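Per this note's numbering, numbering through the sequence shown is continuous, rising by one, with the last residue being 305.
Note that beta-carbon positions come from the ideal geometry of N, C-alpha and C, so glycine has one too.
Fair warning: this is a prediction, and the values are worked out from it, not measured in the lab.
Here is the structure we will look at, set down as C-alpha coordinates.
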Amino acid sequence: MKPPALDLNLLRVFDAIWRCRSVTAAGAEVGLTQGSMSNALNRLRQHFDDPLFVRLQGRMQPTVLAESLAEPVQLALRQLDQALAPRRAFAPATTACGFRICMTEIAQRVFLPRLMQHLAREAPLVQLATVDMPPDRAQAALAASEIDLAIGYFAAFGDSFFAQRLFSEHYVALVRAGHPAIGQRLTRAAYLQAAHISYRPAAASHELLDERLDRAFARAGVRRRVGLQVAHSMGLSVVVAQTDLIATVPSRLALSFADQPGLRVLALPLAVPAIEIRQHWHLRSHQDPASQWLRAQIAALFQA
(Lines of atoms letter the chains of each structure in order from A and count residues from 1; the text may use other names and numbers.)
(Lines give C-alpha, C1' and ligand atoms only; values in the text may rest on other atoms or scores of the structure.)
Protein backbone atom coordinates (compact mmCIF):
# COMPACT_ATOMS: atom_id res chain seq x y z
CA MET A 1 0.00 0.00 0.00
CA LYS A 2 1.30 3.44 -0.90
CA PRO A 3 2.05 5.47 2.25
CA PRO A 4 0.09 8.70 2.71
CA ALA A 5 1.71 11.94 1.61
CA LEU A 6 3.85 13.65 4.20
CA ASP A 7 2.77 16.88 5.82
CA LEU A 8 5.19 19.61 4.73
CA ASN A 9 5.76 20.51 8.38
CA LEU A 10 7.09 16.99 9.03
CA LEU A 11 9.80 17.56 6.43
CA ARG A 12 10.76 20.78 8.18
CA VAL A 13 10.95 18.86 11.47
CA PHE A 14 13.15 16.22 9.83
CA ASP A 15 15.48 18.88 8.42
CA ALA A 16 15.73 20.73 11.74
CA ILE A 17 16.59 17.54 13.68
CA TRP A 18 19.14 16.53 11.06
CA ARG A 19 20.91 19.88 11.31
CA CYS A 20 20.58 20.43 15.09
CA ARG A 21 21.05 16.79 16.18
CA SER A 22 18.69 17.63 19.02
CA VAL A 23 14.91 17.36 19.27
CA THR A 24 14.80 20.23 21.78
CA ALA A 25 16.93 22.58 19.69
CA ALA A 26 15.06 21.64 16.52
CA GLY A 27 11.75 22.35 18.26
CA ALA A 28 12.94 25.81 19.25
CA GLU A 29 13.91 26.47 15.64
CA VAL A 30 10.60 25.43 14.10
CA GLY A 31 8.47 26.72 16.96
CA LEU A 32 7.09 23.42 18.34
CA THR A 33 6.91 22.13 21.89
CA GLN A 34 8.79 19.05 23.05
CA GLY A 35 5.57 16.98 22.90
CA SER A 36 4.73 18.17 19.38
CA MET A 37 8.26 17.39 18.22
CA SER A 38 8.10 13.88 19.66
CA ASN A 39 4.78 13.31 17.93
CA ALA A 40 6.15 14.61 14.62
CA LEU A 41 9.22 12.37 14.89
CA ASN A 42 7.02 9.35 15.56
CA ARG A 43 4.95 10.11 12.47
CA LEU A 44 8.13 10.40 10.39
CA ARG A 45 9.35 7.04 11.72
CA GLN A 46 6.03 5.38 10.89
CA HIS A 47 5.98 6.85 7.40
CA PHE A 48 9.51 5.70 6.52
CA ASP A 49 9.42 2.56 8.69
CA ASP A 50 12.80 3.57 10.06
CA PRO A 51 13.95 5.18 13.33
CA LEU A 52 15.65 7.94 11.27
CA PHE A 53 17.46 9.33 14.35
CA VAL A 54 18.88 7.42 17.33
CA ARG A 55 20.31 8.91 20.50
CA LEU A 56 24.04 8.37 20.79
CA GLN A 57 26.24 10.14 23.30
CA GLY A 58 23.57 12.74 23.94
CA ARG A 59 22.96 13.59 20.28
CA MET A 60 20.39 12.45 17.75
CA GLN A 61 22.42 10.69 15.09
CA PRO A 62 20.85 10.01 11.67
CA THR A 63 20.40 6.52 10.36
CA VAL A 64 21.61 5.49 6.92
CA LEU A 65 18.18 6.20 5.48
CA ALA A 66 18.05 9.63 7.12
CA GLU A 67 21.45 10.46 5.66
CA SER A 68 20.16 9.60 2.18
CA LEU A 69 17.05 11.72 2.69
CA ALA A 70 18.73 14.83 4.07
CA GLU A 71 19.99 16.42 0.86
CA PRO A 72 16.81 15.85 -1.24
CA VAL A 73 14.64 17.17 1.60
CA GLN A 74 16.78 20.28 2.01
CA LEU A 75 16.77 20.91 -1.72
CA ALA A 76 12.99 20.52 -1.94
CA LEU A 77 12.42 22.85 1.01
CA ARG A 78 14.79 25.47 -0.40
CA GLN A 79 13.11 25.42 -3.82
CA LEU A 80 9.68 25.66 -2.25
CA ASP A 81 10.72 28.56 -0.03
CA GLN A 82 12.18 30.38 -3.02
CA ALA A 83 9.03 29.84 -5.03
CA LEU A 84 6.77 31.06 -2.23
CA ALA A 85 8.96 33.95 -1.11
CA PRO A 86 7.65 37.46 -1.85
CA ARG A 87 8.83 38.59 -5.25
CA ARG A 88 11.72 40.99 -5.01
CA ALA A 89 11.51 44.26 -6.86
CA PHE A 90 13.57 44.40 -10.01
CA ALA A 91 16.84 46.29 -9.45
CA PRO A 92 17.65 47.77 -12.88
CA ALA A 93 20.91 49.44 -11.87
CA THR A 94 22.56 46.18 -10.79
CA THR A 95 20.70 43.38 -12.58
CA ALA A 96 22.14 41.77 -15.70
CA CYS A 97 19.35 40.33 -17.84
CA GLY A 98 18.04 40.36 -21.37
CA PHE A 99 14.70 41.24 -22.97
CA ARG A 100 13.38 40.28 -26.41
CA ILE A 101 10.88 42.61 -28.04
CA CYS A 102 8.96 42.10 -31.26
CA MET A 103 8.93 45.31 -33.29
CA THR A 104 9.17 46.19 -36.95
CA GLU A 105 11.97 48.06 -38.69
CA ILE A 106 9.99 51.28 -38.48
CA ALA A 107 9.29 50.72 -34.80
CA GLN A 108 12.99 50.17 -34.21
CA ARG A 109 13.76 53.52 -35.80
CA VAL A 110 11.12 55.25 -33.68
CA PHE A 111 11.60 53.49 -30.34
CA LEU A 112 15.16 52.19 -30.07
CA PRO A 113 17.30 55.36 -29.95
CA ARG A 114 15.40 56.85 -27.02
CA LEU A 115 14.92 53.50 -25.29
CA MET A 116 18.59 52.57 -25.50
CA GLN A 117 19.67 55.96 -24.17
CA HIS A 118 17.33 55.43 -21.23
CA LEU A 119 18.61 51.91 -20.55
CA ALA A 120 22.22 53.10 -20.67
CA ARG A 121 21.43 55.49 -17.81
CA GLU A 122 19.02 53.43 -15.73
CA ALA A 123 19.90 49.79 -16.45
CA PRO A 124 23.42 49.54 -17.92
CA LEU A 125 23.58 45.74 -17.55
CA VAL A 126 20.31 45.08 -19.38
CA GLN A 127 20.58 43.74 -22.93
CA LEU A 128 17.89 44.19 -25.55
CA ALA A 129 17.17 42.11 -28.64
CA THR A 130 14.52 42.93 -31.24
CA VAL A 131 12.81 40.52 -33.59
CA ASP A 132 10.31 41.01 -36.41
CA MET A 133 7.58 38.45 -36.98
CA PRO A 134 4.00 38.25 -38.24
CA PRO A 135 1.19 38.86 -35.73
CA ASP A 136 0.22 35.19 -35.35
CA ARG A 137 3.83 34.22 -34.70
CA ALA A 138 4.21 37.07 -32.20
CA GLN A 139 1.15 35.81 -30.34
CA ALA A 140 2.59 32.30 -30.07
CA ALA A 141 6.02 33.64 -29.10
CA LEU A 142 4.54 35.70 -26.26
CA ALA A 143 2.63 32.68 -24.97
CA ALA A 144 5.80 30.55 -25.08
CA SER A 145 7.91 33.28 -23.36
CA GLU A 146 10.15 33.44 -26.43
CA ILE A 147 9.65 37.21 -26.43
CA ASP A 148 8.77 39.56 -23.58
CA LEU A 149 6.78 42.19 -25.45
CA ALA A 150 5.28 42.94 -28.85
CA ILE A 151 5.08 46.64 -29.69
CA GLY A 152 3.19 48.05 -32.63
CA TYR A 153 -0.13 47.89 -34.40
CA PHE A 154 -1.62 44.46 -33.70
CA ALA A 155 -5.16 43.17 -33.46
CA ALA A 156 -6.19 41.86 -30.05
CA PHE A 157 -4.32 38.64 -29.23
CA GLY A 158 -6.93 37.06 -26.95
CA ASP A 159 -8.06 36.57 -23.36
CA SER A 160 -4.66 35.46 -22.02
CA PHE A 161 -2.96 38.64 -23.24
CA PHE A 162 -2.71 42.18 -21.99
CA ALA A 163 -2.30 45.36 -24.03
CA GLN A 164 -1.45 48.91 -23.06
CA ARG A 165 -2.03 51.82 -25.41
CA LEU A 166 1.08 53.92 -25.96
CA PHE A 167 -0.10 56.49 -28.49
CA SER A 168 -2.31 57.11 -31.49
CA GLU A 169 -0.42 57.38 -34.77
CA HIS A 170 -1.54 59.08 -37.95
CA TYR A 171 -0.21 59.00 -41.50
CA VAL A 172 1.62 61.76 -43.34
CA ALA A 173 3.12 61.99 -46.81
CA LEU A 174 6.86 62.04 -47.36
CA VAL A 175 7.76 63.75 -50.63
CA ARG A 176 10.83 65.27 -52.22
CA ALA A 177 11.27 69.02 -51.89
CA GLY A 178 11.30 69.63 -55.63
CA HIS A 179 8.36 67.43 -56.59
CA PRO A 180 6.95 68.95 -59.83
CA ALA A 181 3.28 68.21 -59.05
CA ILE A 182 3.24 69.23 -55.38
CA GLY A 183 3.32 72.77 -54.08
CA GLN A 184 3.15 74.06 -50.52
CA ARG A 185 0.46 71.53 -49.69
CA LEU A 186 -0.49 68.12 -51.03
CA THR A 187 -3.75 68.33 -52.93
CA ARG A 188 -6.21 65.49 -53.21
CA ALA A 189 -5.73 65.28 -56.98
CA ALA A 190 -1.94 65.18 -56.77
CA TYR A 191 -2.01 62.52 -54.08
CA LEU A 192 -4.44 60.27 -55.93
CA GLN A 193 -2.54 60.55 -59.22
CA ALA A 194 0.99 60.14 -57.88
CA ALA A 195 3.01 56.94 -57.86
CA HIS A 196 3.45 55.56 -54.36
CA ILE A 197 5.87 53.46 -52.39
CA SER A 198 4.30 50.47 -50.66
CA TYR A 199 6.17 49.31 -47.57
CA ARG A 200 5.34 45.63 -47.05
CA PRO A 201 7.94 43.75 -45.03
CA ALA A 202 7.76 39.98 -45.21
CA ALA A 203 7.05 39.52 -41.52
CA ALA A 204 5.27 42.37 -39.79
CA SER A 205 1.92 43.99 -39.09
CA HIS A 206 2.57 46.79 -41.61
CA GLU A 207 0.65 44.87 -44.23
CA LEU A 208 -2.43 45.76 -42.19
CA LEU A 209 -1.43 49.43 -42.34
CA ASP A 210 -0.92 49.30 -46.09
CA GLU A 211 -4.39 47.84 -46.50
CA ARG A 212 -5.84 50.92 -44.76
CA LEU A 213 -4.35 53.09 -47.49
CA ASP A 214 -5.79 50.88 -50.21
CA ARG A 215 -9.24 51.18 -48.63
CA ALA A 216 -8.89 54.97 -48.40
CA PHE A 217 -8.09 55.12 -52.12
CA ALA A 218 -10.99 52.80 -52.89
CA ARG A 219 -13.37 55.14 -51.06
CA ALA A 220 -12.12 57.91 -53.32
CA GLY A 221 -12.85 55.75 -56.37
CA VAL A 222 -9.19 55.38 -57.32
CA ARG A 223 -6.86 52.43 -57.28
CA ARG A 224 -3.59 53.34 -55.64
CA ARG A 225 -0.74 53.34 -58.14
CA VAL A 226 2.26 51.65 -56.57
CA GLY A 227 5.51 52.43 -58.33
CA LEU A 228 7.72 50.63 -55.84
CA GLN A 229 7.11 47.96 -53.23
CA VAL A 230 9.82 47.55 -50.59
CA ALA A 231 10.37 44.99 -47.88
CA HIS A 232 12.75 47.14 -45.80
CA SER A 233 12.64 50.71 -44.57
CA MET A 234 16.38 51.25 -45.05
CA GLY A 235 16.93 53.69 -47.90
CA LEU A 236 13.26 54.68 -48.03
CA SER A 237 13.97 58.38 -47.43
CA VAL A 238 16.76 58.38 -50.05
CA VAL A 239 14.42 56.94 -52.67
CA VAL A 240 11.80 59.59 -51.89
CA ALA A 241 14.37 62.41 -52.00
CA GLN A 242 15.60 61.32 -55.44
CA THR A 243 12.32 60.38 -57.18
CA ASP A 244 8.74 61.59 -57.56
CA LEU A 245 7.42 58.65 -55.55
CA ILE A 246 5.36 59.42 -52.45
CA ALA A 247 5.72 57.42 -49.25
CA THR A 248 2.79 57.41 -46.85
CA VAL A 249 4.26 56.71 -43.46
CA PRO A 250 3.49 57.08 -39.74
CA SER A 251 4.19 60.63 -38.55
CA ARG A 252 6.85 59.59 -36.05
CA LEU A 253 8.80 57.84 -38.75
CA ALA A 254 8.59 60.94 -40.94
CA LEU A 255 9.90 63.08 -38.09
CA SER A 256 12.91 60.79 -37.79
CA PHE A 257 13.79 61.81 -41.38
CA ALA A 258 13.35 65.51 -40.68
CA ASP A 259 17.06 66.27 -40.64
CA GLN A 260 17.64 64.79 -44.10
CA PRO A 261 17.82 67.36 -46.93
CA GLY A 262 15.51 67.25 -49.89
CA LEU A 263 12.47 65.91 -48.02
CA ARG A 264 9.16 67.41 -46.98
CA VAL A 265 6.49 66.08 -44.65
CA LEU A 266 2.95 67.01 -45.68
CA ALA A 267 -0.52 66.34 -44.32
CA LEU A 268 -2.62 63.80 -46.20
CA PRO A 269 -5.56 65.08 -48.27
CA LEU A 270 -7.46 61.82 -47.65
CA ALA A 271 -9.01 60.63 -44.42
CA VAL A 272 -6.92 57.65 -43.30
CA PRO A 273 -7.88 56.32 -39.85
CA ALA A 274 -5.28 56.67 -37.11
CA ILE A 275 -3.77 53.53 -35.63
CA GLU A 276 -3.31 52.64 -31.99
CA ILE A 277 0.23 51.62 -31.06
CA ARG A 278 0.26 49.28 -28.05
CA GLN A 279 2.60 47.08 -26.11
CA HIS A 280 1.32 43.51 -25.70
CA TRP A 281 2.33 40.82 -23.21
CA HIS A 282 1.11 37.46 -22.00
CA LEU A 283 -0.49 36.48 -18.70
CA ARG A 284 2.60 34.39 -17.88
CA SER A 285 4.76 37.51 -17.49
CA HIS A 286 2.10 39.84 -16.13
CA GLN A 287 3.34 39.67 -12.51
CA ASP A 288 7.04 39.25 -13.28
CA PRO A 289 8.96 42.17 -11.69
CA ALA A 290 11.44 42.48 -14.56
CA SER A 291 8.68 42.50 -17.17
CA GLN A 292 6.67 44.98 -15.11
CA TRP A 293 9.69 47.27 -14.93
CA LEU A 294 10.31 47.11 -18.69
CA ARG A 295 6.67 47.86 -19.49
CA ALA A 296 6.71 50.80 -17.09
CA GLN A 297 9.82 52.26 -18.76
CA ILE A 298 8.29 52.00 -22.22
CA ALA A 299 5.04 53.56 -21.04
CA ALA A 300 6.90 56.42 -19.33
CA LEU A 301 8.96 57.11 -22.44
CA PHE A 302 6.34 56.80 -25.16
CA GLN A 303 2.82 56.95 -23.76
CA ALA A 304 0.92 60.02 -24.92
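- Using a Cβ distance threshold of 8 angstroms, A182 and A191 count as a contacting pair.
- Put simply, the region 63 to 79 does not touch the region 207 to 221. Fewer than three CB pairs are less than 8 angstroms apart.
- In terms of CA proximity to M117, L295 leads the group A164, L295 and A71.
- As for any alpha helix (DSSP H) of minimum length 4 sitting wholly inside the region 23 to 54, the runs are 24 to 31 and 35 to 49, ordered along the chain.
- Annotation for H119: the continuous alpha helix (DSSP H) segment containing it runs E106 to E123.
- For F303, the three-state secondary structure derived from DSSP is helix.
- Between the alpha carbons of D260 and V239 lies a gap of roughly 12 angstroms.
- One alpha carbon belongs to F258, the other to E106, and they sit about 14 angstroms apart.
- Distance check between Q109 and each of L254, S169, H287 and S292 places L254 closest, using alpha-carbon atoms only.
- Exposed is the label assigned to F168, since fewer than 16 other Cβ atoms lie within 10 Å of its Cβ.
- The DSSP-derived three-state label of A164 is strand.
- Three or more Cβ pairs closer than 8 angstroms define a contact, and the region 26 to 39 falls short of that threshold against the region 65 to 74.
- Put simply, of H171, V14 and E170 the residue whose alpha carbon is nearest the alpha carbon of L33 is V14.
- For I278, the enclosing beta strand (DSSP E) starts and ends at I276 to H283.
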